[in-house]
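Enquirer:
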Amino acid sequence: MDFTPYETFEHGADIGVRGYGRTLEEAFANGARALFALLVENFEEISPRKEQPVEISAEALDELFVLWLNRLLTLSALEKMVFADFEVQISPENGEFQLQARARGEAFDPKRHLLGVEVKGATFTLARVEREGDLWVAQCVVDV
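Mapping the sequence shown onto the numbering used here, position 67 (from 1) lands on 1371, and the numbers just tick up by one.
As structure tokens, then:
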């Protein structure tokens, strides 16, 4: 990989997450990695032991990205899991974009996982999904 897969950026009192990818799906997966790298300081130590399916749809790609991150936050809270690996498929269907994914991670363990920033939710602030040169970019601001 010859590009930075994800990054965060400041936006007032909140934080933006941005994922890059050679494909749309890779940008969505890397955007999710940016989110969980915020949530868990030692993100790279999360083991992809358990899998959670995710299916959502939206009329626009930026909306799909925000819904994707919010679904992952909800799954994380309900299942008490942290995620590190994401397999994403996106396809147009009946005038909408359909996302089918598998999020892989493990049960949150306070002895192993260092809590980072508390993220309340993904927002539509600065939300965009578009191609820039050879890469796709998916970004939005998260409420902290």
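Positions of the beta carbon are idealized from the N, C-alpha and C atoms, including for glycine.
By how many angstroms is the C-alpha of Lys1415 removed from the C-alpha of Val1321?
Expert: Taking the straight line joining both Cα atoms gives about 26 Å.
Enquirer: Who pairs with Ile1431 in a beta bridge, going by DSSP?
Expert: What sits at residue 1431 in the sequence shown is Ala, not Ile. DSSP, once it has assigned bridges, lists no residue as partnering Ala1431.
Enquirer: In chain order, what residues of the same chain have a beta carbon less than 6 Å from the beta carbon of Asn1346, not counting five sequence neighbours either side?
Expert: The residues are Leu1418.
Enquirer: Given a cut-off of 9 Å, decide if Glu1359 and Ala1405 are closer than it, judged by their beta-carbon atoms.
Expert: Contact flag set, yes.
Enquirer: Do you know whose CA, among Ala1362, Asp1389, Val1421, lies nearest Ile1247's CA?
Expert: Since the first residue shown for the chain is 1305 and the last is 1448, residue 1247 is missing from the structure and cannot be characterised.
Enquirer: Report back the beta-carbon spacing between Val1423 and Leu1339 to the nearest angstrom; my notes put them in contact at under 8 Å.
Expert: Indeed they touch by this definition, with Cβ atoms about 7 Å apart.
Enquirer: For Asn1374, count neighbouring C-beta atoms within 10 Å of its own C-beta (all shown protein chains included) and say buried if the count is 16 or more, exposed if not.
Expert: Answer is buried; the Cβ neighbour count reaches 16.
Enquirer: Just verifying my parser: in three-state terms, what is the DSSP assignment at Phe1313?
Expert: Strand.
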